[in-house]
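I have placed the structure first, in the form of structure tokens, so that the comments after it can refer back to it.
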Amino acid sequence: MNVSGYIGNFTAEIRRKARYVDPEACTACAECAQVCPVVKPDEYQMGLSSRKAIYIPYPQAVPSSYILNMEDCLGTNPIACGKCAEVCEPDCINYDDRDIIVKRDVGAVIVAIGADVYDPTEMDEYGYTRFDNVITSMEFERLICAGGPTLGHFVRPSDHERPKRIGFIQCVGSRNPSIGRPYCSNICCMNTIKDTLLLADHYPDVECTVFYQDIRAFGKSFEDMFQRSKEAGTRYIRGIPGDIEEDTETGNLTLIAENTTSGKIERHEFDMVILSVGVGPPKDLAKISSLLTLSKTSDGFFMESHPKLKPVDAPTRGVFFSGFCESPKDIKDSVCQAGAAASRAGALLNAGQVHIEAITSVIDADACKKCGVCASVCPYGAITWKKGEVAVVIDAACAGCGNCGAACKFDAITMRHFTDAQYMAQIRAILAEDPQDKVFVFACNWCSYSGADMAGISRMQYPASNRIVRTMCSARVSEDMVLEAFRCGAPVVLVSGCHYADCHYITANRQTVQRVQRLWNKLEKAGVRPERLQLEWISAAEGQKFAKVMAQMEELRKTVTEEEIEYTIEALKPKPRKPKKEKEAAAVAG
Amino acid sequence: MDSDPKGDGLRVGVFVCDCGLNIAGTVDTQAVTDYAATLPDVVCAIRNRYTCADPGQNEIKKAIAEHRLNRVVIASCTPLQHEPTFRTCVAEAGLNRYLMEMANLREQCSWVHPSDMEGATRKAKDLVAGAVARARNLQPHDDLSVPVTKRALVIGGGIAGMEAALELADSGHQVVLVEKEASIGGIMAQLDKTYPTMDCSI
Amino acid sequence: MATMENFKCMLCGHEYQELVEEGEDKERSCPKCRSNSIRHLKKRASQGDSDDKGKKTE
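So the sequences go chain by chain: A, B and C. Under our numbering, think of the first position of the first sequence as 1, with each following residue one higher. Under our numbering, think of the first position of the second sequence as 591, with each following residue one higher. Under our numbering, think of the first position of the third sequence as 793, with each following residue one higher.
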């Protein structure tokens, strides 16, 4: 899958995967599966039962059609097998089916890629892989379900007996920084409460015990469910077990936990233990993120445009979030957010047209020296250029990063609303008085500037010596802008932008790195300490990093002497050049 | 570009926001306002309690008319929050949207330097000076307007994707729903009963 | 072909070597202080490889 374009005008290339069964013709008669000789674990049933190589994911699946898993299939060659095609009456099985790339133009994109349920294999202390009767809450769902492998007869895996004493462990894969999952998964407390009520309803003699850190039952009618669970006899023990032992004879399990209410170490024996597993960002998140130039927060979920006021808008215009991929949420909240995302997208589609900020790049045909550098650095291919011809900007494709403007050596490119003249005036004004006290910071709009805002929103404190100037992208910061700050007496200059994976302009910030490398060389050549120019990647979520970097920059500033600054101002003065290099000199003087 | 239709030369108005005590609690906003008045081409500098509120916005509009302002600097919060607000505000007073510049005195000043009033005030003055310098170089622009393809792409066919797709389709839009698995339904389809209603998931 | 390259952290001064794949696109940070101010030090051509053992590897 690929998505290109911009708000109102995206083009999606979608891989329609081969099903090998025509979903229109398939009657879901199941004849094919009956003759299929291949037996595989059934993913839908959490591997607790089996399916064939040709199967329907579950009876209510949409489309209501069988599908052939080619990786499981014995062979497309009728000599190898071909049994399913033989028995298929509507003749809808096609071994030669192939993936097809479908292209669709769309105006808005809703990202609803969901979540991955935590796999507790790594948390060996609960013996998930060692003991048969330790299962996850997802496996519980299948075992209690009438459509599940046991037709809803709740039995334990070791001996297929019905367990009487059941222990639940909460926060498995949630609120646990040591495994990189510090956040609350939101749904597991209520899911366990639901499970205990289901068990109490199906089997009144079952005794449930829940080990928890905190019970979070804050939603509408949640507290009522919690109380009903307690009334139904569920015991709630505050304290997460540290160890589990199995009785090899009976398959029973003993949990050892500190009851933090009584302060005592307790041992509890169970017939079965259910790990209430957390939910995390989906595997595909990084891929979708780079397709649509989105970013993620520190816990790995997508970052919204504003955590409070724009909770369904992505930072990329025309893209909206729905569901768990934005943050952990239950079904009701997912439905709410889906409605909100649909409404936001609908408003855009209904408007029929959209305004794009006038911040695109403009090429002065007279000044253009036809070198083509701008076209080569544009991450969007928005500049067309042929050898010996003036470069031309395609307005609608230009995202306004300013990379070309910073790269043009001949001052032939103007970034509308972010011109060189505006930046130079701003730099000079900010450093007009007592420049030696100031750290000059260039921050990109999407990440670093937002990261600075995040530090503010979180009320983090850092030294007041910095002066922040916003650029759309760190790649807008030209060599001359940095040199001008030094010429105006800045002791330290910081260029900051998005992390590589988050760059809002695809790969523009790679040019930032190139430019800073060149500047380090230039400064060193001029006898200026190159360390006074710094580079940092700070995401919109990294308020803490922004504050830390500001403190580091202030420490660095203190090492810069007045003499150094005076020397720098002299050393970086644009010198009159030999006639041959006049053009470049003119560009530097910009 | 016609940034100065009346031939008045540059006339910059600066509006410094207290944001209640959010800014004024740390930054000496009166000192910043007085300083702004001394900057080149600034013809009025006004301090507001809440610039984004209606009375604050009305004051801007009034000053644009009264002082024939052709550049506006608003020293308040982050442009990522209120730039659209103030662009609309100046546009309503007849000024091009792009002739407004902001200085971030809240998220990047008062809120992060609460124990350094003097340093924060110095920083605020510099940020305003920078914004005024930039404003003096601003040019009017017209936004580009592009048509919107009336079709939506929904990535993911779980409960969140299905609901969004249905909602959009119900309001008359074409929707392309993409799901990587063989069936839509997502994780929810694997659940037995769901809280708080205790009914089936499918 | 991967080559061993020299880097210097411009914040803490830490110098280190790292294997660089051809055409790789990687965010760099200092292994000591995590700063992103990583300067790619160019090999000095005149001095050749003699004083930089192990600099070049496959």
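We put the CB at the ideal spot given by N, CA and C, even for glycine.
Problem set entry | Beta carbon proximity, Glu-819/C to chain A, threshold 8 Å | Within the third sequence, numbered from 1, the residue matching residue 819/C stands at position 27. Interface residue, yes.
For this session: Return no unless some Cβ of chain A is closer than 8 Å to the Cβ of His-763/B.
Result: In the second sequence, residue 763/B corresponds to position 173, counting from 1. Taking Cβ atoms only, chain A reaches closer than 8 Å to His-763/B, which makes this a yes.
Problem set entry | chain A contact residues for Val-680/B, given Cβ-Cβ distances below 8 Å | The count along the second sequence starts at 1 and reaches residue 680/B at position 90. Within 8 Å Cβ-Cβ: nothing; Val-680/B doesn't reach chain A, min ~14 Å.
For this session: Anything in chain A within Cβ reach of Arg-601/B, meaning under 7 Å, just list it in chain order.
Result: Here the question's residue 601/B lines up with position 11 in the second sequence. Within 7 Å Cβ-Cβ: nothing; Arg-601/B doesn't reach chain A, min ~17 Å.
For this session: Find the residues of chain C that neighbour Leu-535/A, judging by a C-beta separation of less than 7 Å, and give them in chain order.
Result: Stepping through the first sequence from its first residue, residue 535/A is reached at position 535. What Leu-535/A touches in chain C: Asn-828 and Ser-829.
Exercise. Looking at C-alpha atoms only, which residue of Phe-131/A, Gly-180/A and Tyr-462/A is the closest neighbour of Val-273/A?
Worked result: Here residue 273/A is taken as the residue at index 273 of the first sequence, counted from 1. Residue nearest to Val-273/A within the set Phe-131/A, Gly-180/A and Tyr-462/A is Phe-131/A (criterion: CA-CA distance).
Exercise. What are the partner residues of Ile-215/A, as DSSP defines its beta bridges?
Worked result: Here residue 215/A is taken as the residue at index 215 of the first sequence, counted from 1. Residue pairing for Ile-215/A: DSSP places it in no beta bridge.
Problem set entry | Where Cys-325/A falls: helix, strand or coil (DSSP) | Against the first sequence, residue 325/A aligns to sequence position 325. Three-state DSSP puts Cys-325/A in coil, outside helix and strand.
For this session: Check whether the Cβ of Arg-510/A lies closer than 8 Å to any Cβ atom in chain C.
Result: As a position in the first sequence, residue 510/A is number 510, starting the count at 1. Judged by the 8 Å Cβ criterion, Arg-510/A is in contact with chain C.
For this session: Tell me whether Cys-609/B sits in a helix, a strand or coil according to DSSP, three-state version.
Result: By 1-based counting over the second sequence, the position of residue 609/B is 19. When secondary structure is reduced to three states using DSSP, Cys-609/B falls in the coil class, being assigned neither helix nor strand.
Problem set entry | Selection from Asp-97/A, Arg-98/A and Leu-68/A that minimises the alpha carbon distance to Cys-84/A | Taking the first residue of the first sequence as position 1, residue 84/A is located at position 84. Closest option to Cys-84/A, Cα to Cα, is Leu-68/A.
For this session: Look at the Cβ atom of Ile-14/A, then the Cβ atom of Arg-104/A, and state whether they are nearer than 8 Å.
Result: Position 14 of the first sequence, counted from the first residue, corresponds to residue 14/A. Position 104 of the first sequence, counted from the first residue, corresponds to residue 104/A. Going by C-beta atoms, Ile-14/A is nearer than 8 Å to Arg-104/A.
Problem set entry | Proximal residues to Ala-53/A (C-beta, below 6 Å), its chain only, five neighbours per side dropped | Along the first sequence, one-based indexing puts residue 53/A at 53. Residues of the same chain with a CB within less than 6 Å of the CB of Ala-53/A, apart from the 5 flanking positions on each side, are Cys-36, Val-38, Asn-69, Asp-72 and Cys-73 in chain order.
Problem set entry | Touching by the beta-carbon criterion (3+ pairs, under 8 Å), the segment 746 to 757 of chain B and the segment 447 to 460 of chain A | Contact between the segment 746 to 757 of chain B and the segment 447 to 460 of chain A is absent, with fewer than three C-beta pairs closer than 8 Å.
For this session: Could you list which residues in chain C have their beta carbon closer than 8 Å to that of Tyr-500/A, in chain order?
Result: The residue given as residue 500/A occupies position 500 in the first sequence. Contact annotation for Tyr-500/A against chain C: Asp-817, Lys-818 and Glu-819 [CB-CB distance below 8 Å, chain order].
Exercise. When burial is assigned at 16 or more other CB atoms within 10 Å of the CB, is Val-3/A buried or exposed?
Worked result: Start at 1 with the first residue of the first sequence, and residue 3/A comes out as number 3. When all chains shown are included, Val-3/A counts as buried.
Exercise. Nearest to Ala-406/A by CA position, among Tyr-128/A, Thr-209/A and Glu-479/A, is which residue?
Worked result: By one-based count along the first sequence, residue 406/A stands at place 406. It is Glu-479/A.
For this session: Name, please, each residue of chain B whose Cβ falls closer than 8 Å to the Cβ of Glu-141/A.
Result: In the first sequence, residue 141/A corresponds to position 141, counting from 1. Below the 8 Å Cβ cutoff, chain B contributes Gln-780, Leu-781 and Asp-782 as neighbours of Glu-141/A, in chain order.
For this session: Please work out which residues of its chain come closer than 6 Å, Cβ to Cβ, to Gly-148/A, disregarding the five sequence neighbours upstream and downstream, and give them in chain order.
Result: Sequence index remark: in the first sequence, residue 148/A carries index 148 (1-based). Cβ neighbours of Gly-148/A within its own chain (closer than 6 Å, five residues either side excluded): Arg-142.
Exercise. Between the Cα of Ser-178/A and the Cα atoms of Pro-491/A, Ser-376/A and Met-123/A, which residue gives the shortest distance?
Worked result: Along the first sequence, read from residue 1 onward, the residue named residue 178/A stands at position 178. Comparing Cα positions, the closest option is Met-123/A.
For this session: Taking only the alpha-carbon atoms, compute the straight-line gap between Arg-467/A and Thr-668/B and give it to the nearest angstrom.
Result: Mapped onto the first sequence, residue 467/A falls at position 467. Mapped onto the second sequence, residue 668/B falls at position 78. Looking at the two C-alpha atoms, the distance is approximately 14 Å.
Problem set entry | Simplified DSSP assignment, three categories, for Cys-699/B | Numbered from 1 along the second sequence, position 109 holds the residue referred to as residue 699/B. If DSSP states are grouped into helix, strand and coil, Cys-699/B belongs with the helices.
For this session: Give me the Cα-Cα distance between Ser-496/A and Pro-530/A, rounded to the nearest whole angstrom.
Result: Here residue 496/A corresponds to residue number 496 of the first sequence, with the count starting at 1. Here residue 530/A corresponds to residue number 530 of the first sequence, with the count starting at 1. The alpha-carbon separation between Ser-496/A and Pro-530/A amounts to approximately 16 Å.
Problem set entry | Close-in-space but distant-in-sequence residues of the same chain around Thr-720/B (CB under 8 Å, 5 per side omitted) | The count along the second sequence starts at 1 and reaches residue 720/B at position 130. It is Gly, not Thr, that sits at residue 720/B in the sequence shown. In chain order, Ala-693 place their CB closer than 8 Å to the CB of Gly-720/B, counting only its own chain and leaving out the 5 sequence neighbours on each side.
Exercise. Which residues, taken in chain order from the segment 468 to 484 of chain A, show a beta carbon closer than 9 Å to some beta carbon of chain B?
Worked result: Residues of the segment 468 to 484 of chain A with a C-beta less than 9 Å from any C-beta of chain B: Ile-468, Val-469 and Arg-470, listed in chain order.
For this session: For chain A, find out if any of its Cβ atoms is closer than 8 Å to the Cβ of His-832/C; answer yes or no.
Result: To locate residue 832/C, count along the third sequence from 1; it is residue 40. Output row for His-832/C: interface = yes.
For this session: Compute the Euclidean distance between the alpha carbons of Ile-100/A and Met-472/A, then round it to the nearest angstrom.
Result: Reading the first sequence from its first residue, position 100 is the one you call residue 100/A. Reading the first sequence from its first residue, position 472 is the one you call residue 472/A. Approximately 38 Å, taken between the alpha carbons.
Exercise. Given a threshold of 16 other Cβ atoms within 10 Å of its Cβ, counted over all protein chains shown, does Cys-374/A qualify as buried or as exposed?
Worked result: The residue labelled residue 374/A in the question sits at position 374 within the first sequence. A buried status is given to Cys-374/A, since no fewer than 16 other beta-carbon atoms sit within 10 Å of its beta-carbon.
Exercise. With C-beta atoms as the reference, is Pro-282/A less than 8 Å away from Ile-144/A?
Worked result: Within the first sequence, residue 282/A is the residue found at index 282, counting from 1. Within the first sequence, residue 144/A is the residue found at index 144, counting from 1. Not closer than 8 Å, so no.
Problem set entry | Assigned secondary structure, Asn-638/B (DSSP; H/G/I helix, E/B strand, else coil) | Your numbering for residue 638/B matches position 48 in the second sequence. Asn-638/B carries a strand assignment under DSSP once its states are collapsed to helix, strand and coil.
For this session: State the start and end residues of the unbroken alpha helix (DSSP H) segment that holds Val-482/A.
Result: Within the first sequence, residue 482/A is the residue found at index 482, counting from 1. For Val-482/A, the enclosing alpha helix (DSSP H) stretches over residues 479 to 487.
Problem set entry | DSSP three-state assignment for Glu-807/C, whether helix, strand or coil | Counted from its first residue, the third sequence places residue 807/C at position 15. Note: Glu-807/C maps to strand in three-state DSSP.
Exercise. Residues in its own chain within less than 6 Å of Ser-458/A by CB, not counting five upstream and five downstream?
Worked result: Here residue 458/A is taken as the residue at index 458 of the first sequence, counted from 1. If we look at Ser-458/A and ignore the five residues flanking it on each side, its Cβ neighbours are Gly-543.
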